[in-house]
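Single-structure report; data block below.
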Amino acid sequence: MCIQVVGRVLKLQIFHYFHIQIFTSYSSFPPQNHHASCTLLYKKPFVESFEETPLLVAVLTYIGYGILTIFGYLRDFLRDWKFEKCHLAREREEQKDFVPLYQDFENFYTRNLYMRIRDNWNRPICSIPGAKMDLVERVTPDYNWTFEHTGNVLKDVINMGSYNYLGFAENTGTCADAASECTVKYGVGVSSTRQEIGNLDKHEELEKLVARFLGVESSMAFGMGFATNSMNIPALTGKGCLILSDELNHASLVLGARLSGSTIRVFKHNNMQSLEKLLRDAIVHGQPRTHRPWKKILVLVEGIYSMEGSIVRLPEVIALKKKYKAYLYLDEAHSIGALGPRGRGVVDYFGLDPSDVDIMMGTFTKSFGAAGGYIGGKKELIDYLCLHSHSAVHATSMSPPITQQIITSMKCIMGEDGTTLGEFRILSENTTYFRRRLHEMGFIIYGNNDSPVVPLMLYMPAKIGAFGREMLKRNIGTVVVGFPATPIIESRARFCVSAAHTREMLDKALNAISEVGDLLQLKYSRKNRNGSEGTDCFSFLESHQD
Amino acid sequence: MLLIYIFQLKTYQTFAPAYHLILEGILILWIIRLLFSKTYKLQERSDLTEKEKEELIEEWQPEPLVPLVPKDHPSLNYDVVTGPPSHRIIVNGKECINFASFNFLGLLDSERVKLKALSSLKKYGVGTCGPRGFYGTFDVHLELEERLAKFMRTEEAIIYSYGFATIASAIPAYSKRGDIVFVDEAACFSIQKGLQASRSFVKYFKHNDMEDLERLLKEQEIEDQKNPRKARVIRRFIVVEGLYINAADICPLPELVKLKYKYKVRIFLEESMSFGVLGEYGRGVTEHFGVNIDDIDLISANMENALASIGGFCCGRSFVIDHQRLSGQGYCFSASLPPMLASAAIEALNIMEEDPGIFRVLQDKCKHMHKALQGTPGLKTVGEPLTPALHLLLENSTGSRTNDLKLLRAIVDYSLDRQIALTLARYLDKEERFLPPPSIRVVVTVEQTQEEMEKAAQCIREAAVKILK
Numbered sequence: 020m021c022i023q024v025v026g027r028v029l030k031l032q033i034f035h036y037f038h039i040q041i042f043t044s045y046s047s048f049p050p051q052n053h054h055a056s057c058t059l060l061y062k063k064p065f066v067e068s069f070e071e072t073p074l075l076v077a078v079l080t081y082i083g084y085g086i087l088t089i090f091g092y093l094r095d096f097l098r099d100w101k102f103e104k105c106h107l108a109r110e111r112e113e114q115k116d117f118v119p120l121y122q123d124f125e126n127f128y129t130r131n132l133y134m135r136i137r138d139n140w141n142r143p144i145c146s147i148p149g150a151k152m153d154l155v156e157r158v159t160p161d162y163n164w165t166f167e168h169t170g171n172v173l174k175d176v177i178n179m180g181s182y183n184y185l186g187f188a189e190n191t192g193t194c195a196d197a198a199s200e201c202t203v204k205y206g207v208g209v210s211s212t213r214q215e216i217g218n219l220d221k222h223e224e225l226e227k228l229v230a231r232f233l234g235v236e237s238s239m240a241f242g243m244g245f246a247t248n249s250m251n252i253p254a255l256t257g258k259g260c261l262i263l264s265d266e267l268n269h270a271s272l273v274l275g276a277r278l279s280g281s282t283i284r285v286f287k288h289n290n291m292q293s294l295e296k297l298l299r300d301a302i303v304h305g306q307p308r309t310h311r312p313w314k315k316i317l318v319l320v321e322g323i324y325s326m327e328g329s330i331v332r333l334p335e336v337i338a339l340k341k342k343y344k345a346y347l348y349l350d351e352a353h354s355i356g357a358l359g360p361r362g363r364g365v366v367d368y369f370g371l372d373p374s375d376v377d378i379m380m381g382t383f384t385k386s387f388g389a390a391g392g393y394i395g396g397k398k399e400l401i402d403y404l405c406l407h408s409h410s411a412v413h414a415t416s417m418s419p420p421i422t423q424q425i426i427t428s429m430k431c432i433m434g435e436d437g438t439t440l441g442e443f444r445i446l447s448e449n450t451t452y453f454r455r456r457l458h459e460m461g462f463i464i465y466g467n468n469d470s471p472v473v474p475l476m477l478y479m480p481a482k483i484g485a486f487g488r489e490m491l492k493r494n495i496g497t498v499v500v501g502f503p504a505t506p507i508i509e510s511r512a513r514f515c516v517s518a519a520h521t522r523e524m525l526d527k528a529l530n531a532i533s534e535v536g537d538l539l540q541l542k543y544s545r546k547n548r549n550g551s552e553g554t555d556c557f558s559f560l561e562s563h564q565d
Numbered sequence: 242m243l244l245i246y247i248f249q250l251k252t253y254q255t256f257a258p259a260y261h262l263i264l265e266g267i268l269i270l271w272i273i274r275l276l277f278s279k280t281y282k283l284q285e286r287s288d289l290t291e292k293e294k295e296e297l298i299e300e301w302q303p304e305p306l307v308p309l310v311p312k313d314h315p316s317l318n319y320d321v322v323t324g325p326p327s328h329r330i331i332v333n334g335k336e337c338i339n340f341a342s343f344n345f346l347g348l349l350d351s352e353r354v355k356l357k358a359l360s361s362l363k364k365y366g367v368g369t370c371g372p373r374g375f376y377g378t379f380d381v382h383l384e385l386e387e388r389l390a391k392f393m394r395t396e397e398a399i400i401y402s403y404g405f406a407t408i409a410s411a412i413p414a415y416s417k418r419g420d421i422v423f424v425d426e427a428a429c430f431s432i433q434k435g436l437q438a439s440r441s442f443v444k445y446f447k448h449n450d451m452e453d454l455e456r457l458l459k460e461q462e463i464e465d466q467k468n469p470r471k472a473r474v475i476r477r478f479i480v481v482e483g484l485y486i487n488a489a490d491i492c493p494l495p496e497l498v499k500l501k502y503k504y505k506v507r508i509f510l511e512e513s514m515s516f517g518v519l520g521e522y523g524r525g526v527t528e529h530f531g532v533n534i535d536d537i538d539l540i541s542a543n544m545e546n547a548l549a550s551i552g553g554f555c556c557g558r559s560f561v562i563d564h565q566r567l568s569g570q571g572y573c574f575s576a577s578l579p580p581m582l583a584s585a586a587i588e589a590l591n592i593m594e595e596d597p598g599i600f601r602v603l604q605d606k607c608k609h610m611h612k613a614l615q616g617t618p619g620l621k622t623v624g625e626p627l628t629p630a631l632h633l634l635l636e637n638s639t640g641s642r643t644n645d646l647k648l649l650r651a652i653v654d655y656s657l658d659r660q661i662a663l664t665l666a667r668y669l670d671k672e673e674r675f676l677p678p679p680s681i682r683v684v685v686t687v688e689q690t691q692e693e694m695e696k697a698a699q700c701i702r703e704a705a706v707k708i709l710k
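Protein chains in written order, with the working numbering: chain L, 20 to 565; chain S, 242 to 710.
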């Protein structure tokens, strides 16, 4: 049975791979769309690239996974027959005759593939997660089954993994001072919900500020970004509504859509033809079987997709939404503060009107150095959420010092406290520089040229572990991702560029990446590097930057 | 299958009449035709022309995104708290004594906790800028997990950054489609969301009624005997709360453990209200009843009540807890708990461990308050004497929920004017599975003195007499 399922997974992935070859390609200005008018929607070039996987690499990757699976079975066999010591925790003696809690196959991947390279994740740190951080050194005596802390600290590791886009993760300065004052005055906890007695004056101040920042009528803040999606989408839609969700949406959006009970249809990633087709079919045919008209249609998209580094085609989505009278839910978890000349997110980046987006959602974790989420929109929407949001009724409100951190950092970004922030310019320059250098070196990187999230393709399973470890040896902390967060052959390393990174840090990181790339043979890109369309595009962009 | 067919054909050759062979030949040709014919999607079966489609698209009008909310809706304007939500709280401009926040051990005001949080802020900053897997694991998180596991005397603990998400992520990590979960009717909203996300079969039993639960378990046993193969892979769980937030009473844990071993069901225990409240050392309902903690498969609690921080944790054996590190959605896909909040929780745990006498004090105060509120005209007290958060319901309901809420709100407003801060217990009217009746929530904390409790009881009595006559 296991072989059948693995075989099915591999077949699906081969199909997916060929599908990608035919489908995605280097898309550049003007965007290739059937709407000629779309060229007018984009005020500046929208350059995204998802280079094809080289055929040889794909084949080798599948062979790699095949070998790992065979070895996995061998090791399971040895463990069952007690030739090898079993490190897994076991069920209690008294409960041995209960139905097993886990299916053997569910954990096959965890036991045999994930465990081998587990040291690349959950690395504990003991300093601020800024541009440089201190990692706790760990060693493993038994191949990653258990870890021991040696007591040493790896100092000043360059941090290319934390979501610190504007550099607000700091323990000195105005933000930290304000948060300290707030801790002394208000304490740390709240112990009540918003509707009961947990609504502090700080929360109302924050909500007014967020509404001003986004340019919307009103907003509401919640204690956790993940929960903002999973608790508010069910309050907005229900049975008889349709949700059109992008293929690569985050787990919180998928969970929120599922909990709402609406019908969910998925359109291909960032593909406007697919979305339009679904919209037309939905309105023309109505609900399945009964053909009653849909009550509402809600389109779920994200500002920046964190695994792909792509930016949503917002002008086209808004044009479609207006034409077909759907509602738009925009999740700006990564793009708020990181995109746009004034840092107001994807809407600012494209120069659009915030009132066109019905529901603007975002999180404070990434660019503001705090925690929590918000939803902004018209006053009727927020009033309704005040009454019906699951979070307002049953979940504790935000902690006061966190609220204060958001208020101070937001005021900094808006320039209201007197300081002029050059952070967006620095972030944008760092992003362009980093992407250009990686591209010149010959790596395959995905995503939009303006997105600070840079995925670098690794493909082969062994290289996932090797890349993470080699980079740590050179004092650079990176994040590597594999299945199931990405398709099985498209494992990648993901870099998050920050405004706190200086040129020297980026250069050091780039040199280390190039070294490791040569060592592990990661420079797969087959695009021409000398004076061809690839380099032209970047020089075109740089000449247009202010 | 083809081989069997050919074999049969061979044996029939000597006996088959001509029409039989012709029929077989036609069948084979039909199969070949079907294999090569074009497939069509069922959805596009329609015969609409482009023009008709355009018309349909023009005519379709969606509902408004949200229905209009009347401006005078009673819950629209929240009560605003100016300043910290401590023992003396300023609500809507009036200074009151706090009988509404779940600050059971009074740790919201503790100077030690604030100092520890400050020093953590100076070292780590505020946010963690990442999930646990990607440089979001701080040494304070690991320390807090160890301390919680040690305090509860289990092997391992795992922390979440939001109390609501704790049990709502834990249940779907273990219980999948096809599994069976037996839940008490009075289970709180986060448990209901966890069950909905898990897509398992949910069977509700009457609140605290062990006979009803046993009946359901027996029915399930009979089902299993009909289909033993399926029964061997379906997992079964019972989800109960230690101290129910909606009903304010304690679950009968020893009977549940007996049922567990008799019918081979696992127990998940939600201890948000009983952690730091029940038991000699505050370890919760297992200590209260003297049940061996290894008998409970998973204990989940939030740190927002007794520990006066933010977030939640699950503890139990490593065999059970470790699974959530890869499959708990609220753990893997969400940013981790800010380190200053984790430090505050560690210091709160220190205070709890140093002075186990406060649990006794809290339990005495709860009993005192319960007794003081008995006999209020027009209101009945719902809850056990040991519960720190009890409900006051109307003895005779007016028949309409809105009117009941208005009366109770009037009592709350009356008390606010006399410096007693109370609150209505809030629910989502349309989303709750079993909507509890409207009530006022009265919370007892260690910081309240006897006089203050007497004053509160007196004030509520006066309000009830005046408003409910």
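Ideal Cβ placement from N, Cα and C applies to all residues, glycine included.
Thinking C-beta only, is residue j closer than 8 Å to residue i?
i	j	result
S:Thr622	S:Leu635	no
L:Ala414	L:Ala246	yes
S:Leu349	L:Ser210	yes
S:Pro679	S:Leu669	no
L:Pro143	S:Leu383	yes
S:Val310	L:Leu406	yes
L:Gly466	L:Glu67	yes
L:Ala270	L:Glu321	no
S:Thr617	S:Ile681	no
L:Met380	S:Ala406	no
By Cβ distance below 6 Å, which residues in the same chain neighbour residue i in space, the five residues on each side in sequence not counted?
i	result
L:Asp123	none
Note down, in chain order, each residue of its chain lying with its Cβ closer than 8 Å to the Cβ of residue i, except the 5 sequence neighbours on either side.
i	result
S:Ala411	Gly435, Phe509, Leu539, Ser541, Cys555, Gln565, Gly569
Consult DSSP for residue i and reduce its assignment to one of helix, strand or coil.
i	result
L:Thr191	coil
L:Met479	coil
S:Cys556	strand
L:Glu351	coil
L:Val235	coil
L:Thr43	Low local confidence applies: a pLDDT of 40 at L:Thr43 is under 50, so the model's placement there is unreliable, and no value is given.
L:Pro312	coil
L:Arg210	Note that residue 210 of chain L corresponds to Ser in the displayed sequence, not to Arg. Three-state DSSP puts L:Ser210 in coil, outside helix and strand.
S:Leu539	strand
L:Asn467	strand
S:Phe478	strand
S:Thr413	Here residue 413 of chain S is Pro; the residue named in the question, Thr, does not match the sequence. Here S:Pro413 sits in helix by DSSP.
So, for residue i: in the same chain, excluding its five sequence neighbours on each side, which residues have a beta-carbon less than 7 Å away from its beta-carbon?
i	result
S:Tyr572	Arg373, Ile399, Tyr401, Ser410, Gln565, Arg566
From what residue to what residue does the beta strand (DSSP E) around residue i run?
i	result
S:His314	Taken as a continuous stretch (DSSP letters only), S:His314 belongs to no beta strand (DSSP E), as it is neither H nor E.
S:Glu545	S:Glu545 -> no beta strand (DSSP E), and no H or E assigned at all.
S:Ile400	397-401
Applying the criterion that 16 or more other CB atoms from any shown protein chain within 10 Å of the CB defines a buried residue, is residue i buried or exposed?
i	result
L:Leu93	exposed
S:Ala705	buried
S:His529	buried
In terms of residues, what are the limits of the alpha helix (DSSP H) holding residue i?
i	result
S:Arg659	Taken as a continuous stretch (DSSP letters only), S:Arg659 belongs to no alpha helix (DSSP H), as it is neither H nor E.
L:Asp436	First-last for L:Asp436: undefined, no H or E at that position.
L:Ile401	398-407
Heavy atom of the ligand NAD less than 7 Å from the Cβ of residue i, yes or no?
i	result
S:Gly404	In the structure shown, the ligand NAD is absent, as is every other ligand, since no ligand is present at all.
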